[in-house]
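Enquirer:
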Amino acid sequence: MAMKALWLSSAAALLLSAAAMAAPPVYPPFGLDRTAVDPAVKPGDDFFQYANGAYLARTAIASDRSSASRRLEMTDRMEAQLHTLMEDAARSPGADANRARVAAFYSAFMDEAQAERLGADPLRPEFDAIRAAPDRAALAGLMGQAEGGLYPALFGIGIDTDLKDPARYAVYVGQSGLGLPDRDYYLKPELAAKKDAYRAYAAKLLGLAGWAEPARAADALVAFEARLAEASWSKVQQRDLNAIYNPMAPAELRALTPGFDWSPLLGAAGVAGKGQLVVNEKSAFPRLAAIYAETPIDTLKAWMAFHVADGAAPYLSKAFVAAHFDFHGKVLTGQSEIRPRWKRAILAVGGGDCGADPGSCFGTIAWAVGDLYAARYFPPETKAKVTELVGNLKAAFRARIEALDWMGPATKAEALKKLDTYTIKVGYPDTPQRDYSGLVVRRDDLLGNVRRAAAYDWAFRVRRSDGPVDRGEWSMTPQTNDAYNGSLRDIVFPAGILQAPIFDAAADPAINYGAIGGVIGHEMTHGFDDQGRSIDANGALRDWWTPSDAAAFKARADRLGAQYAAFEPVPGFHINPGLTMGENIADLGGLSIALDAYHRSLNGKPAPVVGGLTGDQRVFLGWAQAWAGKMQPDAIKAMTVGDPHSFRKFRVNGVVRNLDAWYPAFKVAPGEALYLKPEDRVRIW
Ligand SMILES: [Zn+2]
678 MAMKALWLSS AAALLLSAAA MAAPPVYPPF GLDRTAVDPA VKPGDDFFQY
728 ANGAYLARTA IASDRSSASR RLEMTDRMEA QLHTLMEDAA RSPGADANRA
778 RVAAFYSAFM DEAQAERLGA DPLRPEFDAI RAAPDRAALA GLMGQAEGGL
828 YPALFGIGID TDLKDPARYA VYVGQSGLGL PDRDYYLKPE LAAKKDAYRA
878 YAAKLLGLAG WAEPARAADA LVAFEARLAE ASWSKVQQRD LNAIYNPMAP
928 AELRALTPGF DWSPLLGAAG VAGKGQLVVN EKSAFPRLAA IYAETPIDTL
978 KAWMAFHVAD GAAPYLSKAF VAAHFDFHGK VLTGQSEIRP RWKRAILAVG
1028 GGDCGADPGS CFGTIAWAVG DLYAARYFPP ETKAKVTELV GNLKAAFRAR
1078 IEALDWMGPA TKAEALKKLD TYTIKVGYPD TPQRDYSGLV VRRDDLLGNV
1128 RRAAAYDWAF RVRRSDGPVD RGEWSMTPQT NDAYNGSLRD IVFPAGILQA
1178 PIFDAAADPA INYGAIGGVI GHEMTHGFDD QGRSIDANGA LRDWWTPSDA
1228 AAFKARADRL GAQYAAFEPV PGFHINPGLT MGENIADLGG LSIALDAYHR
1278 SLNGKPAPVV GGLTGDQRVF LGWAQAWAGK MQPDAIKAMT VGDPHSFRKF
1328 RVNGVVRNLD AWYPAFKVAP GEALYLKPED RVRIW
């Protein structure tokens, strides 16, 4: 793209950039949605409602969704673009091999008549293998295909940067095997209805798939999973990076789990030759292995068959699709209607938010989609503007670290060193992430495409695992509406999240600082929070804090946690401060840094008043409007139990009340619901 500018005359280039500048913001005239505000609500009582009340009142949750939000409107915009892209490809695949793969995958999904004709037939390879397995060792071999196929596993295998030697990859082995979103679903009485619905769903699906005595099999497999749940670690326990780093030789792993035959599992996964494995939930392993050894083999087979059918159901006939939706959509997240087929086709090919749900890029050709999407829809000017904004955020964060009163000088020096090692990735990768040549995608074999794509991706990871870590890797595709702070000490903002209201090149800068600036700051602080503190400037697992820094941080984090624990998103479900601690701290730090960065960007001049709003007001409203949205109560419950992010209302209200600048900006006074006395406000970053 830079080459193109070279042969443009400077006059033509000026005209072009003037045309780009002239495009109005998505929310005219300056980037905030003034019609979203509810002036009847006092900002100090409920800032989220004040900024978004009118929008929330006029916005209904679509029957095929469990929520409605600005973020989903961004996804809608992107889905329409992906729809055009895939329809175009299907109409004329052309000479480009990836475009032809996308065309074939999309067309295969859209062929509903073929799915009806095939019924349960596509499940046959896995079902035959499960039925034929003579013993537990043979089933363990099938589990070894879980990462590159449809089988479930008692122990999951992952390949990622080695936390203790970040220039290399490590093979991680972790607890797995549960079909419900979290162990709480098996153990907590208030979620018992969900477990009952799960059992009914398992019976239904096994029946459709032709498994013998489906009701009895479902009872047994859910009881098996409930035992696994009891033995499994909680999500809060899993957040401790030191606790989940337990390197051992294969022989030690065998000694840890007597009776479990690892050879077939590791062999089938392609990692049998590794001299070291890193075990995650160590104390759970012997218990899981014992439960596996005690469970009748027929139950284990039914469990495997159910999970194969559950993973395959979205690609099968109507009866399977409906059963899958009735449980995963209706029961778990409160959706009332399934999404149109073309939208599901886009997800199946790889147009979804892989970041929001890591499992959703499984069995896709998401990188082929990503290359086509970025080339067609992501302007290079946006990449340049966001890169500049990120630089300002980094400078503001540096200054804030230098000024922290609770962190000692030695730790500060380490923190600044770490900040300098971060790479920022914007829009789309500069190097290709996957070479799909050799991957067969067929117009008449939908589930086969899923299998082959999953196996292809896993084989790629295994092959790469012997070499040095690739710091150019992206874990999210360009079409992902999300951002992350990764194990490569990188912060990544895919094209999909760089849309209004999160970012709009035509909007007033203060609004962009409040919205994308807050998100950028959020991701930056993750490198330095209760998890990030255990990863040093080289990316290695090493606690670089002194005990007194750790104590000072914990005291502040606990005070913030106590504030969030008082929030009750739905009756009976309070925010879990331990689970959400890292994300809440990141939100608070993110907006604090963004506000500073905005002030710095003014170069000593006063902020202009725009639309009658001060600069600070626009920053706060930018943040609040970026999070606008609502959710079905069941989905909020699921989120409150298992999601490390607080519900969106509290990502706004929980943060602004801790920032001093918010009080004068909106004349917030004692007695208002969100008011905190100055000494009760928590400042961490
Ligand atoms: Zn986060």
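Heads up, the sequence shown is in this note's numbering, so the first residue is 678 and it goes up one at a time.
Ideal Cβ placement from N, Cα and C applies to all residues, glycine included.
Sort out for me which residues DSSP pairs P1171 with in a bridge.
Expert: Indexing the sequence shown from 1 puts residue 1171 at position 494. The partner list for P1171 (beta bridge, DSSP) reads G1104.
Enquirer: Helix, strand or coil for A1033? Go by DSSP, reduced to three states.
Expert: In the sequence shown, residue 1033 corresponds to position 356, counting from 1. Low confidence applies here, because A1033 scores a pLDDT of 46, under 50, leaving its location unreliable; read the following figure in that light. Note: A1033 maps to coil in three-state DSSP.
Enquirer: Can you round the beta-carbon distance between N923 and V956 to whole angstroms, since I take them to be within the 8 Å contact cut?
Expert: Here residue 923 refers to the residue found at position 246 of the sequence shown. Here residue 956 refers to the residue found at position 279 of the sequence shown. N923 to V956, Cβ: 4 Å. Contact.
Enquirer: Counting Cβ pairs, one atom from each stretch, are 3 or more of them under 8 Å apart for the segment 1221-1232 and the segment 1159-1177?
Expert: The segment 1221-1232 is not in contact with the segment 1159-1177.
Enquirer: Note the first and the last residue of the continuous beta strand (DSSP E) segment covering Y783.
Expert: Here residue 783 refers to the residue found at position 106 of the sequence shown. Not the beta strand (DSSP E): Y783 falls in the alpha helix (DSSP H), residues A774 to M787.
Enquirer: With a threshold of 16 other CB atoms inside 10 Å of the CB of R876, please say whether the residue is buried or exposed.
Expert: Within the sequence shown, the letter at position 199 stands for residue 876. It is buried - the Cβ of R876 has at least 16 other Cβ atoms within 10 Å.
Enquirer: Can you find a heavy atom of ligand 1 that lies under 7 Å from the Cβ of E1260?
Expert: Here residue 1260 refers to the residue found at position 583 when the sequence shown is read from its first residue. Yes.
Enquirer: Pick helix, strand or coil for D1273, following the three-state DSSP scheme.
Expert: Start at 1 with the first residue of the sequence shown, and residue 1273 comes out as number 596. In this structure, D1273 counts as helix in the three-state DSSP scheme.
Enquirer: In three-state DSSP terms, what is K1307?
Expert: Counted from its first residue, the sequence shown places residue 1307 at position 630. Note: K1307 maps to strand in three-state DSSP.
Enquirer: Please determine whether the Cβ atom of A1263 lies at a distance below 7 Å from any heavy atom of ligand 1.
Expert: Counted from its first residue, the sequence shown places residue 1263 at position 586. A1263 Cβ: within cutoff of ligand 1.
Enquirer: Going by alpha carbons, who is nearest to S853 out of W910, D1048 and R801?
Expert: The sequence position of residue 853 within the sequence shown is 176, counting from 1. Comparing Cα positions, the closest option is W910.
Enquirer: Would you please verify whether the beta carbon of A894 is less than 8 Å from any beta carbon of chain B?
Expert: Of the protein chains in this structure there is only one, and it is not chain B.
Enquirer: Tell me where the beta strand (DSSP E) around A1043 begins and ends.
Expert: On the sequence shown, position 366 is the one that residue 1043 refers to. Element bounds for A1043: not the beta strand (DSSP E) but the alpha helix (DSSP H), A1043 to Y1054.
Enquirer: Restricting to Cα atoms, I'd like to know which of L1351, I1361 and M1308 is closest to S740.
Expert: Stepping through the sequence shown from its first residue, residue 740 is reached at position 63. Nearest of L1351, I1361 and M1308 to S740, Cα basis: M1308.
Enquirer: What distance in whole Å lies between the Cβ atoms of S746 and A1305, which are believed to be in contact at a cut-off of 8 Å?
Expert: Taking the sequence shown and counting its residues from 1, one reaches residue 1305 at position 628. Taking the sequence shown and counting its residues from 1, one reaches residue 746 at position 69. The pair is a contact, with the Cβ atoms about 6 Å apart (cut-off 8 Å).
Enquirer: How far does the alpha helix (DSSP H) with A1239 in it extend, from its first residue to its last?
Expert: By one-based count along the sequence shown, residue 1239 stands at place 562. Segment P1224 to A1242, the alpha helix (DSSP H) holding A1239.
Enquirer: Judging by CA-CA distance, which residue of R1148, G1149, E1150 and G1173 is the nearest neighbour of A1160?
Expert: Here residue 1160 refers to the residue found at position 483 of the sequence shown. Measuring from the Cα of A1160, the nearest candidate turns out to be G1173.
Enquirer: Go ahead and pull the three-state DSSP assignment for P1283.
Expert: Taking the sequence shown and counting its residues from 1, one reaches residue 1283 at position 606. Note: P1283 maps to coil in three-state DSSP.
Enquirer: I'd like to check one pair, A1177 with P706: are the Cβ atoms closer than 8 Å?
Expert: For the purposes of this step, residue 706 is taken as the residue at position 29 of the sequence shown. For the purposes of this step, residue 1177 is taken as the residue at position 500 of the sequence shown. For P706 and A1177, no; Cβs fall outside 8 Å.
Enquirer: Taking 6 Å as the limit between beta carbons, can you name the residues of its chain near A1303, skipping five residues before and five after?
Expert: Reading the sequence shown from its first residue, position 626 is the one you call residue 1303. So the qualifying residues of the chain are P1178, I1179 and A1192.
Enquirer: Give the list of continuous beta strand (DSSP E) stretches no shorter than 3 residues that lie fully inside the segment 889-933.
Expert: Counting only runs of 3 or more, we get 923-925.
Enquirer: Could you check how far apart the C-beta atoms of V1318 and D859 are, in whole angstroms? I think they sit under 8 Å.
Expert: Start at 1 with the first residue of the sequence shown, and residue 1318 comes out as number 641. Start at 1 with the first residue of the sequence shown, and residue 859 comes out as number 182. V1318 to D859, Cβ: 6 Å. Contact.
Enquirer: Could you check where the alpha helix (DSSP H) with Y1190 kicks off and where it finishes?
Expert: On the sequence shown, residue 1190 is found 513 positions in, with the first residue counted as 1. Careful: Y1190 lies outside any alpha helix (DSSP H) and carries neither H nor E.
Enquirer: Cα separation between W1221 and H1203?
Expert: Here residue 1221 corresponds to residue number 544 of the sequence shown, with the count starting at 1. Here residue 1203 corresponds to residue number 526 of the sequence shown, with the count starting at 1. Distance between the alpha carbons of W1221 and H1203 is about 15 Å.
Enquirer: Any heavy atom of ligand 1 closer than 7 Å to the beta-carbon of H1199?
Expert: Residue numbering aside, residue 1199 sits at position 522 when the sequence shown is read from its first letter. Yes, Cβ of H1199 sits closer than 7 Å to a heavy atom of ligand 1.
Enquirer: According to DSSP, is D987 part of a helix, a strand, or is it coil?
Expert: What you label residue 987 is simply residue 310 of the sequence shown in a count that begins at 1. Looking at D987 - three-state DSSP - the assignment turns out to be helix.
Enquirer: For A894 versus A979, is the C-beta distance shorter than 8 Å?
Expert: Taking the sequence shown and counting its residues from 1, the one referred to as residue 894 is at position 217. Taking the sequence shown and counting its residues from 1, the one referred to as residue 979 is at position 302. For A894 and A979, yes; Cβs fall inside 8 Å.
Enquirer: Restricting to Cα atoms, I'd like to know which of L1298, F1205 and I738 is closest to R1016.
Expert: Here residue 1016 refers to the residue found at position 339 when the sequence shown is read from its first residue. The shortest C-alpha separation from R1016 is found at I738.
Enquirer: At the level of alpha carbons, what is the spacing between W1151 and F1244?
Expert: For this step, residue 1151 is matched to residue 474 along the sequence shown. For this step, residue 1244 is matched to residue 567 along the sequence shown. If you take the alpha carbons of W1151 and F1244, they lie about 35 Å apart.
Enquirer: Just list the alpha helix (DSSP H) runs in the segment 790-875, keeping only unbroken ones of 4 residues or longer that don't cross its boundaries, in chain order.
Expert: Fully enclosed alpha helix (DSSP H) runs of 4 or longer: 801-809, 813-820 and 861-864.
Enquirer: Report the residue ranges of all alpha helix (DSSP H) runs contained in full by the segment 1080-1159; include only those spanning at least 4 residues, in chain order.
Expert: The qualifying runs are 1086-1098 and 1123-1141.
Enquirer: What residue from L1290, I1361 and S1225 has the CA that sits closest to A1342's CA?
Expert: Here residue 1342 is taken as the residue at index 665 of the sequence shown, counted from 1. Per the Cα distances, L1290.
Enquirer: Could you say which of L1298, S769, Y1113 and N1335 lies nearest to F1261 if we only look at CA atoms?
Expert: Along the sequence shown, one-based indexing puts residue 1261 at 584. Looking at the sequence provided, one finds Asn at residue 1261 rather than Phe. For the residues L1298, S769, Y1113 and N1335, the minimum Cα distance to N1261 belongs to N1335.
Enquirer: To the nearest angstrom, how far is the alpha carbon of G1011 from that of A926?
Expert: Residue numbering aside, residue 1011 sits at position 334 when the sequence shown is read from its first letter. Residue numbering aside, residue 926 sits at position 249 when the sequence shown is read from its first letter. Distance between the alpha carbons of G1011 and A926: 45 Å.
Enquirer: Roughly how far, in whole angstroms, is the beta-carbon of L1268 from the beta-carbon of V1332, given that I think they are within contact range, below 8 Å?
Expert: Within the sequence shown, residue 1268 is the residue found at index 591, counting from 1. Within the sequence shown, residue 1332 is the residue found at index 655, counting from 1. Contact flag correct, Cβ pair sits at about 5 Å.
Enquirer: Whole angstroms is fine: what's the gap from L1218's alpha carbon to D710's?
Expert: In the sequence shown, counting from the first residue as 1, residue 1218 sits at position 541. In the sequence shown, counting from the first residue as 1, residue 710 sits at position 33. Rounded to whole angstroms, L1218 to D710 spans 44 Å at the Cα level.
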